[in-house]
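Trainee: For this note's numbering, add 147 to where a residue sits in the sequence shown, where the first one is 1.
Note that beta-carbon positions come from the ideal geometry of N, C-alpha and C, so glycine has one too.
Pasting a structure here, questions to come.
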Amino acid sequence: MAAESLKQQARAFHSKKRLGQNFLINPDILAQITRALAVEVGDHVLEIGPGLGFLTAVLLGSGAKVTAVELDEECVQILQDLSLPGLTVIHQDFLQCDLKTILKEKTKVIGNVPYQITTPILARLLGEIGEPAPWLKSIDSIVLTVQREVAERFVAKVGEEEYSQISVLVRYFAAADLLFTIAAENFYPVPEVTSAVVRMVPHAEPPVTCLDHKLLRQVVQAGFQQRRKMLKNNLSFLGLDQKQIMDVFNKLNFDPQVRAERLGLEQFALLADGLKDSKADNIALSV
């Protein structure tokens, strides 16, 4: 379908800013995103926020079976009226829908997601460190179109300005790549930001060993809660005094002045293990 035709359809629809509706109207980029998901005939694809169905049609044309979860009632009606073979439309908020049922078979996930809820959507798909989503093993791969700055945080490396708690979460669950950016004029209405396409392939198992993965999550969260503070000062929630924390740092050869942004997932796991051992020693001494 020509770009002008898609633009006319998008113009005719009264988009809702509160739902973050910006429809991708460049057919070449729609095809490029579909290729990024490596769709094959018979694949089951979960599409988050299909909107007017522009990407949906390309996915179906590639031979996929598509389950599309859409919150906007008008968009749902438009999608249902298309009566496209292989398409199942679910009228629900993605953050509330029954993913256990939708993801009962191996599934590829795709979506041009509302920028304001990108992180909650990703957390719903993957879970939290130490508590993977029960459907995670059913997810083959994830391709999301998001705000470029958010995409950069997803794939950021240690020491980069964009490196954050979400960078560690993504690294824990998946191998992630920023594939390409999309200029604002390829959407209607035209957003105020540049977009980017990110692909994630979930790990079969977490890439680090750790005595207590939930403690690992707590350490990561605490470390980035006040990211400009030194890491040792952010760890007081564990009930250890500064001497005990510094003992762990010394054993691990950590710089006493280090901040969370300088630690990779593997170092966070080592720190969590060291802190757990120190807590156990502390309890044993007090008994």
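Quick check: the Cα distance between residue 398 and residue 424, rounded to an integer number of angstroms?
Mentor: 12 Å
Trainee: Could you check what DSSP says for residue 359 in three-state terms: helix, strand or coil?
Mentor: Coil, per DSSP.
Trainee: I need the boundaries of the beta strand (DSSP E) containing residue 259, first residue and last residue.
Mentor: Boundaries of the beta strand (DSSP E) around residue 259: 254-259.
Trainee: Contact check, residue 337 vs residue 331 under 8 Å by CB: the rounded distance?
Mentor: Taking C-beta atoms under 8 Å as the contact rule, residue 337 and residue 331 qualify, at a distance of about 5 Å.
Trainee: Pick helix, strand or coil for residue 183, following the three-state DSSP scheme.
Mentor: helix
Trainee: Let's test the definition: count the other Cβ atoms within 10 Å of the Cβ of residue 205 and tell me whether it reaches 16, buried, or not, exposed.
Mentor: buried
Trainee: In angstroms with no decimal places, state the Cα-to-Cα distance between residue 286 and residue 321.
Mentor: 11 Å
Trainee: Report the start-end ranges of each alpha helix (DSSP H) in the region 278-329 that is 4 residues or longer and not cut off at the edges.
Mentor: Here the runs fully enclosed are 295-302 and 312-320.
Trainee: Do residue 177 and residue 201 come within 8 Å of each other at the CB atom, strictly closer than that value?
Mentor: Yes, Cβ-Cβ distance for residue 201 and residue 177 is below 8 Å.
Trainee: Tell me whether residue 351 is buried or exposed, calling it buried when 16 or more other Cβ atoms sit within 10 Å of its Cβ.
Mentor: exposed
Trainee: Nearest to residue 329 by CA position, among 253, 157 and 174, is which residue?
Mentor: The shortest Cα separation from residue 329 among 253, 157 and 174 belongs to 174.
Trainee: Does the beta-carbon distance from residue 293 to residue 196 come in below 8 Å?
Mentor: For residue 293 and residue 196, no; Cβs fall outside 8 Å.
Trainee: Between 185, 227 and 419, which lies nearest to residue 356 when the distance is taken from Cα to Cα?
Mentor: 419
Trainee: Which value, in whole angstroms, describes the spacing of the CA atoms of residue 272 and residue 393?
Mentor: 36 Å
Trainee: What three-state label does DSSP hand residue 218 in the structure shown?
Mentor: Coil.
Trainee: State the Cα-Cα distance for the pair residue 216 and residue 339, rounded to the nearest angstrom.
Mentor: 25 Å
Trainee: Tell me the DSSP bridge mates of residue 236?
Mentor: 215
Trainee: Give the straight-line distance between the Cα atoms of residue 156 and residue 299, rounded to the nearest whole angstrom.
Mentor: Roughly 31 Å separates the two Cα atoms.
Trainee: Relative to the C-alpha of residue 152, which residue among 375, 212, 334 and 400 is closest?
Mentor: 334
Trainee: Keeping to the same chain, check which residues put their C-beta closer than 6 Å to that of residue 222; ignore five residues upstream and five downstream.
Mentor: 198
Trainee: Between the C-alpha atoms of residue 376 and residue 316, what's the straight-line distance to the nearest angstrom?
Mentor: 20 Å
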